[in-house]
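Protein chains in written order, with the numbering used here: chain A, 448 to 799; chain B, 448 to 799. Presented below is the structure to which this report refers.
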DNA sequence: TTTGTTTATTAAAACGTTTTAATTACTTTT
DNA sequence: AAAAGTAATTAAAACGTTTTAATAAACAAA
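Structure (structure tokens):
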């Protein structure tokens, strides 16, 4: 039932040439540069035969011989988190165009898992890695870089390390979301963040702090740090904030925003009447309820394509001097219109 | 800088045996069956040397020689949908234990994309496929089956085709969610579904219909069919339903529920005061707002593991008579406590 | 004609495994 | 002591490419 695969050899026989020539044509070193030159007509004929026989190159053989797997690994925090899932799809699509296969993995913010995944991917054979580094992974990342494995960091960075990366201008995003809240007249704005030492989070906090200061609200600036494995504490935090008449929250991530909103609603408070909200990333719930005054829409598409382009470049010139590029993307701040907000508040009262 | 990889040959030299023997030991055909027998001590020695040199088998060479890629393809509707993302992660984890690599792809419910993906995966070389078939893909799926490529269908089935599958007991799930709504005293319960001819959706509808009939509400049973590329129409539908004093909706999928809720809130109605809700799957918003009276929690873990186990079995006995297994999973219905519901309603009024 | 240059082609080695068939070294059995 | 088994080992082919180094053909220059 299973039919033999067509090989380069079959094409050679059919076209009456050597297998080497077929190989040259297939990798179109034919016309390119001064490497191998193949007669135009012969090349044409070979291509036609290949087409006719429906030739599909054998990847294993290719890889075995050339040492190139044409596979890359993408390691994120959690592939089932919308932000990363979207980026992953984007990388995948883009990689397809460049004839690369992508393997995915999730660290769950655990450096041990990261190390393990890298080990697995290396053994499977990958040409390079895109990694979202987690807390405590600095040494692991440094190690990869030291081994001269093509690497691009995504979303977060590792300090004092010369390696390519694609990140958001998180400081600016933090500044502008805070400013959106201030424009709406809020003063007691507090930020809810993680206690992890991630570069992107730190930058967001920095943006918030600066903005509060710039608007003479420096003394109101408070940043709460939650452990990511103790998110339940967010409820106490919010209750306590309510006592202190806090008016608005800036959430450092979509997960925090989700947990925060959940806690707010559990306590019977309403948004934005009791608490105004701004945050990073969106999530499904936001789309449905339109709760946030402002949120940061991350340029998913760019994250994906830029990271992949950098990686491919780095793979192709693996032996060249280790230049590296840092790409900083500009955040888009999405604000809900003030009227809209009012209307929904009024309606709630009318209905209530 | 880059160090040479350790090969089977290095081990052979170091241990003073032939490469064949090393290969035998590595594939531990050593002790097994009556195939190859290797002296216990020699085997031990070889393993030690391998360990010492930190040997990692070269996958490309293995694949080239044996024809087995140890890679499977998983094709779902949309890998960034939480339901599929969770299943994917689960399959991935499970596959890892069996030393399989997983490639992912999304059809976006487009049979053309499915066909394309299958082509791509086949060329990359996969040992088998797990597929969530989309509408209009019957012929494509049949084709795969005909070519004797190991295949397991997930979540949905194709009629009149002997192929393994893992699905939910959708009829029962439909019945029981409807019943939960009825128990809360609702009578005018309508279902919002897709116009696509997917087996799982059809079964859900069937369950709803039967339940309504069983409770003497057969004449109230109405199923609305929306085109998946015209979801915006859901708003008109709901407005019109409000006019007719419809009390509750059963949504056929989490996407529909999301869109439906969004439309309900846009119009200023409240849940469950104005519309009660039940649906299939959960989503992030539900977790936050606890809106649904009842929802179907799908056994993600089982979907993943069962599908993979079936596939691996089918890969291993590829030449054997084509037996196939159908696994039907039991849905878990999650109901919110009636008091909870009341409380939140009261609070809303007090606050409003 | 000889020599050199460019253009087009190929033979053959290599990549690291798996697997078949053959070989060697021991035991038994006759 | 020869024959027949059995257990342990190995040589060598094969998988389908890429790529180096060699060769052949055609043409231009000497």
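Cβ atoms here follow ideal geometry from the backbone N, Cα and C, with glycine treated the same way.
(request) Would you verify that the beta carbon of residue 759/B is, or is not, closer than 9 Å to some beta carbon of chain A? (result) Closer than 9 Å: no.
(request) Measure the C-alpha to C-alpha separation of residue 632/B and residue 624/B and round it to an integer number of angstroms. (result) Approximately 13 Å between the Cα atoms of the pair.
(request) Identify every run of the beta strand (DSSP E) within the segment 684–743 of chain B, keeping only runs that are complete inside it and at least 3 residues long; order them along the chain. (result) Correct list: 695–698 and 723–727.
(request) Verify whether the separation of the beta carbon atoms of residue 693/B and residue 733/B is less than 9 Å. (result) No, they are not a contact pair.
(request) State yes or no: is the beta carbon of residue 755/B nearer than 9 Å to at least one beta carbon in chain A? (result) Not a single CB atom of chain A sits nearer than 9 Å to the CB of residue 755/B.
(message) So, at 8 Å on beta carbons, what are the nonlocal neighbours of residue 678/A in its own chain, with the 5 sequence-adjacent residues on each side left out?
(response) Correct list, in chain order: 702, 703 and 706.
(request) Output the distance between the C-alpha atoms of residue 659/A and residue 667/A, rounded to the nearest integer angstrom. (result) Near 8 Å, if we compare the C-alpha coordinates of residue 667/A and residue 659/A.
(message) At the 9 Å Cβ level, is residue 571/A part of the contact set with chain B, yes or no?
(response) Flagged as an interface residue toward chain B: residue 571/A, by a C-beta distance shorter than 9 Å.
(request) Under the assumption that residue 647/A contacts residue 603/A (Cβ atoms under 8 Å), give the Cβ distance between them as a whole number of angstroms. (result) Here residue 647/A really is in contact with residue 603/A; their C-beta atoms are around 5 Å apart, less than 8 Å.
(request) Identify which residue in 686/B, 738/B and 730/B has its Cα closest to the Cα of residue 713/B. (result) Distances from the alpha-carbon of residue 713/B to those of 686/B, 738/B and 730/B put 686/B closest.
(request) Going by CA-CA distance only, name the one from 637/B, 579/B, 533/B and 700/B that's closest to residue 674/B. (result) Per the Cα distances, 700/B.
(message) Taking the alpha-carbon of residue 626/B as reference, which of 651/B, 641/B and 610/B has the nearest alpha-carbon?
(response) Taking only the C-alpha atoms, the option nearest residue 626/B is 651/B.
(message) Considering only their Cβ atoms, is the gap separating residue 637/A from residue 671/A smaller than 9 Å?
(response) Result yes, Cβ atoms of residue 671/A and residue 637/A sit closer than 9 Å.
(request) May I ask you to report which of helix, strand or coil DSSP gives residue 644/B? (result) In the structure shown, residue 644/B falls within a coil segment according to DSSP collapsed to helix, strand and coil.
(request) Using only alpha-carbon positions, find the residue among 607/A, 771/A, 728/A and 639/A that is nearest to residue 669/A. (result) If we check each option's Cα against that of residue 669/A, 639/A comes out closest.
(message) Quick check on the DSSP output: the alpha helix (DSSP H) that includes residue 561/A runs from which residue to which?
(response) Counting along the chain, residue 561/A sits inside the alpha helix (DSSP H) bounded by residues 558–571.
(request) Quick one: give me the first and last residue of the alpha helix (DSSP H) that residue 624/B is part of. (result) Start and end: 617–630.
(message) Using C-beta distances below 7 Å, list every residue in its chain close to residue 457/A, excluding the 5 sequence neighbours before and after it, in chain order.
(response) Excluding sequence neighbours, residue 457/A sits near 500.
(message) Excluding the 5 residues flanking residue 629/B on each side, which residues of the same chain have their C-beta closer than 6 Å to its C-beta?
(response) Take residue 629/B, set aside five residues on each side of it, and the residues of its chain with a beta-carbon closer than 6 Å to its own are 662, in chain order.
(request) For residue 529/B, count neighbouring Cβ atoms within 10 angstroms of its own Cβ and tell me buried if that reaches 16, exposed if not. (result) Burial is judged here by how many other beta carbons sit within 10 angstroms of a residue's own beta carbon; residue 529/B has at least 16 and is buried.
(request) Determine the closest residue to residue 597/B out of 517/B, 709/B, 607/B and 484/B, with distance taken between C-alpha atoms. (result) Of 517/B, 709/B, 607/B and 484/B, the smallest CA-CA separation from residue 597/B is found for 517/B.
(message) Using a Cβ-Cβ cutoff of 8 Å, what residues of the segment 644–674 of chain B are near chain A? List them in chain order.
(response) Residues: none.
(message) Would residue 676/A pass as an interface residue toward chain B - the criterion being a Cβ-Cβ separation below 9 Å?
(response) Residue 676/A does not count as touching chain B.
(request) Anything in the segment 547–571 of chain A with a Cβ closer than 9 Å to a Cβ of chain B? List those residues in chain order, please. (result) For the segment 547–571 of chain A, residues whose beta-carbon sits nearer than 9 Å to a beta-carbon of chain B comprise 548, 549, 550, 551, 552, 553, 567, 569, 570 and 571.
(message) I want to see whether chain B comes within less than 9 Å of residue 526/A, judged by CB atoms only; does it?
(response) Yes - at least one Cβ of chain B is within 9 Å of the one on residue 526/A.
(message) Taking 8 Å as the limit between beta carbons, can you name the residues of its chain near residue 770/B, skipping five residues before and five after?
(response) So no residue of the chain qualifies.
(message) Please report whether the beta-carbon of residue 516/B lies at a distance below 9 Å from any beta-carbon of chain A.
(response) Answer yes: the Cβ-Cβ gap between residue 516/B and chain A drops below 9 Å somewhere.
(request) At 8 Å on the CB atoms, spell out the chain B contacts of residue 536/A, in chain order. (result) Chain B residues near residue 536/A: 526, 527 and 553.
(message) I want to verify the contact list: residues of chain B whose CB lies under 7 Å from the CB of residue 749/A, in sequence order.
(response) Under a criterion of Cβ atoms nearer than 7 Å, no residue of chain B is adjacent to residue 749/A; the nearest Cβ is some 17 Å distant.
(request) Drop a sphere of 10 angstroms on the beta-carbon of residue 545/B, count the other beta-carbons inside from all chains shown, and report buried for 16 or more, exposed for fewer. (result) Per the 10 Å Cβ criterion, exposed.
(message) If we define contact as Cβ-Cβ less than 9 Å, is residue 510/B a contact residue for chain A?
(response) The Cβ of residue 510/B sits closer than 9 Å to at least one Cβ of chain A.
(message) My output table needs one value for residue 464/B: the three-state DSSP class, helix, strand or coil.
(response) Coil.
(request) With 9 Å as the threshold, decide whether the Cβ of residue 813/A is near any Cβ in chain B. (result) This structure cannot settle anything about residue 813/A, because the visible part of chain A is limited to 448 through 799.
(message) Residues of the segment 675–708 of chain A in Cβ contact with chain B at a cutoff of 7 Å, in chain order, please.
(response) Only 705 and 708 from the segment 675–708 of chain A bring a Cβ to less than 7 Å from some Cβ of chain B.
(request) Rank 739/A, 710/A, 711/A and 716/A by C-alpha distance to the C-alpha of residue 724/A and give the top, closest one. (result) Measuring from the Cα of residue 724/A, the nearest candidate turns out to be 739/A.
(message) Using beta carbons (cut-off 9 Å, strictly below), is residue 480/A in contact with chain B?
(response) A caution first: residue 480/A carries a pLDDT of 44, below 50, which makes its placement in the model too unreliable to give a value.
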